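Reviewing the structure listed below.
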Amino acid sequence: MIVVMKHSATEENIQSIIQKLYSLGLDAHLSRGASITIIGVVGDKSKFLAENPQLMPGVEKLVPISESYKVANIKFHPEPTIIDVNGVKIGGNNFVIMAGPCAIESYDQLMASAVAAKNAGAQILRGGAYKPRTSPYSFQGLEEEGLRYMAEIREKTGMAVITEVTSCKAAETAVNYVDIMQIGARNMQNFELLKEVGKSNLPILLKRGLSATIDEWLNAAEYIMSEGNEKVILCERGIRTYETSTRNTLDISAIPVLRSKTHLPILVDPSHASGVRDYIAPLSRAAVAVGADGLEIEVHPNPAAAMSDGSQSLNPEDFKALCEELKPYIQLAGRKF
Ligand code: PEP
Ligand code: MN
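Residue 367 is where the sequence shown starts when you use this note's numbering, and the numbers rise one by one after that.
Below, the structure written as structure tokens:
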């Protein structure tokens, strides 16, 4: 439930509602927009309703929220959330590109990827140190050694860095090296991991599960946010369908659907969505047009030699060309890149 305050409500009115909620053992989520102030009620609202809150000074109306996700809900927070990562803004009118290799293979490979990403205008370097591979015999990642390379390259290039964490232990280690932690598709409903990263202060990029509905995805975001970490970025990376021409099927409609349901920033990953490098550019254009807040793209200095996902990785020249090609589309979408 949310409490919508009147325009004329005073700070004292707002604070007395928040204090009332606390005194009942509930939590309050204050959202001050340009024209409207909303207090989200978190917890058993029946105790609050028993106090006749509609009669409290400054209250305009009480609105129930039927969805099971609350803090992630646009009704709780009508303004878009903008997440600041070392000065890079994600959400609002900004457009962010995260680029880098699927897996960190060596210092030189990651550095070459960082140079390529930065040179093309990408603001954030991605790279996997813990790789959730389909086969247990495939390369599993350099783990902490890879994270050390990331942190070193962050220092040298000034780029913010993101890596996937596949377990609570990996998250405990990664917080010391990176700026954003990624929860991959395979772990979208790993609730212990969601709760663990919910206790951290780092922004979390939450990818959509392989077969997850949008409601399940938003509930996964709620798991993180209900622990206190509200810096969640959603990333549509394609879903399982009957189609086999592409690795997954990019659910482009998920972007406007999410936009109507949540205030969180929304990215698109055309690399994992398609699995085919030639489809990355058209899907990126579609993502810009449909209103995504950014892209996550796999870039490798030599895709033919990549230890994972080479067929969906762009080389530095093609990535630079893609970023150039996207600029007018991004501008047309009214965004800053
Ligand atoms: C990745 O980004 O490296 C990755 C494994 O993606 P996903 O979780 O979407 O498969
Ligand atoms: Mn990959």
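Glycine is no exception: its CB is placed at the ideal position from the N, C-alpha and C atoms.
This one's a predicted model, so the numbers in the text were calculated from it and none came from an experiment.
Next on the checklist: Can you give me the C-alpha to C-alpha distance between residue 510 and residue 494, rounded to a whole angstrom?
Outcome noted: Approximately 11 Å between the Cα atoms of the pair.
Item to check | Counted within 10 angstroms of its Cβ, other Cβ atoms place residue 400 as buried (16 or more) or exposed | outcome: Under this definition residue 400 is an exposed residue.
Checklist entry - Are the beta-carbon atoms of residue 477 and residue 426 separated by less than 8 Å? => result Result no, Cβ atoms of residue 477 and residue 426 do not sit closer than 8 Å.
Next on the checklist: Based on DSSP bridge pairs, tell me the residues matched to residue 664.
Outcome noted: 466.
Item to check | Sequence-distant residues of the same chain with beta carbon closer than 6 Å to residue 701, five excluded per side | outcome: So the list reads 459, 461, once near-sequence residues are dropped.
Checklist entry - Since residue 539 and residue 508 are thought to touch, with beta carbons under 8 Å apart, how far apart are those beta carbons, to the nearest angstrom? => result About 12 Å separates the Cβ atoms of residue 539 and residue 508, ruling out a contact at the 8 Å cut-off.
Item to check | Closer than 7 Å: residue 468 CB and nearest the ligand PEP heavy atom | outcome: Correct: residue 468 has its Cβ closer than 7 Å to the ligand PEP.
Next on the checklist: If you reduce the DSSP assignment to three classes, tell me which class residue 460 lands in.
Outcome noted: The answer is strand: DSSP assigns residue 460 an E or B state.
Item to check | Sheet register partners of residue 573 (DSSP bridge) | outcome: Residue 573 is bridged to 601.
Next on the checklist: When you compare the CB positions of residue 605 and residue 637, do they come within less than 8 Å of one another, or not?
Outcome noted: No; because the gap between Cβ atoms is not below 8 Å, this pair is not in contact.
Next on the checklist: Between which two residues does the beta strand (DSSP E) holding residue 395 run?
Outcome noted: Run containing residue 395: 393–398, per the beta strand (DSSP E) assignment.
Checklist entry - Going by alpha carbons, who is nearest to residue 550 out of 529, 405, 456, 416? => result Restricting attention to 529, 405, 456, 416, the CA atom closest to the CA of residue 550 is found in 529.
Checklist entry - Any heavy atom of the ligand MN closer than 7 Å to the CB of residue 432? => result No; taking the cut-off as 7 Å, the Cβ of residue 432 has no heavy atom of the ligand MN nearer than that.
Next on the checklist: Measuring straight from C-alpha to C-alpha, what distance separates residue 523 and residue 386?
Outcome noted: Cα to Cα, residue 523 sits roughly 49 Å from residue 386.
Item to check | Endpoints, beta strand (DSSP E) assigned at residue 526 | outcome: It spans 526–530 - the beta strand (DSSP E) in which residue 526 sits, taken as one unbroken run.
Checklist entry - Is it right to say residue 557 is buried, meaning 16 or more other beta carbons lie within 10 angstroms of its own, or is it exposed? => result Exposed, since its Cβ has fewer than 16 Cβ neighbours within 10 Å.
Checklist entry - How about the region 664–672 and the region 414–431: do they share at least three Cβ pairs that are nearer than 8 Å? => result Inter-segment contact for the region 664–672 and the region 414–431 is absent: fewer than three beta-carbon pairs are separated by less than 8 Å.
Checklist entry - Mapping DSSP to helix, strand and coil, what is residue 492? => result Looking at residue 492 - three-state DSSP - the assignment turns out to be strand.
Next on the checklist: Shorter than 7 Å, the distance from the beta carbon of residue 479 to the closest heavy atom of the ligand MN, or not?
Outcome noted: Result no, Cβ not under 7 Å from the ligand MN.
Next on the checklist: Can you list, in chain order, the residues of its chain with a C-beta nearer than 6 Å to that of residue 406? Leave out the 5 residues immediately preceding and following it.
Outcome noted: 368, 395, 442, listed in sequence order.
Checklist entry - Are the beta-carbon atoms belonging to residue 659 and residue 456 less than 8 Å from one another? => result Yes, the Cβ-Cβ distance between residue 659 and residue 456 is below 8 Å.
Next on the checklist: Let me check you understand the geometry: is the CB of residue 635 closer than 7 Å to at least one non-hydrogen atom of the ligand PEP?
Outcome noted: In this structure, the C-beta of residue 635 approaches the ligand PEP to less than 7 Å from one of its heavy atoms.
Item to check | residue 405, DSSP secondary structure in three states | outcome: In the structure shown, residue 405 sits in a strand (DSSP, three-state: E or B).
Checklist entry - In angstroms, rounded to a whole number, what distance separates the CA positions of residue 470 and residue 675? => result Straight-line Cα distance between these residues: approximately 12 Å.
Checklist entry - How is the beta strand (DSSP E) around residue 449 delimited, first residue to last? => result Counting along the chain, the beta strand (DSSP E) containing residue 449 begins and ends at 449–451.
Checklist entry - Within the present structure, is the beta-carbon of residue 638 separated from the nearest heavy atom of the ligand MN by less than 7 Å? => result Set against 7 Å, the gap from the CB of residue 638 to the closest heavy atom of the ligand MN is smaller.
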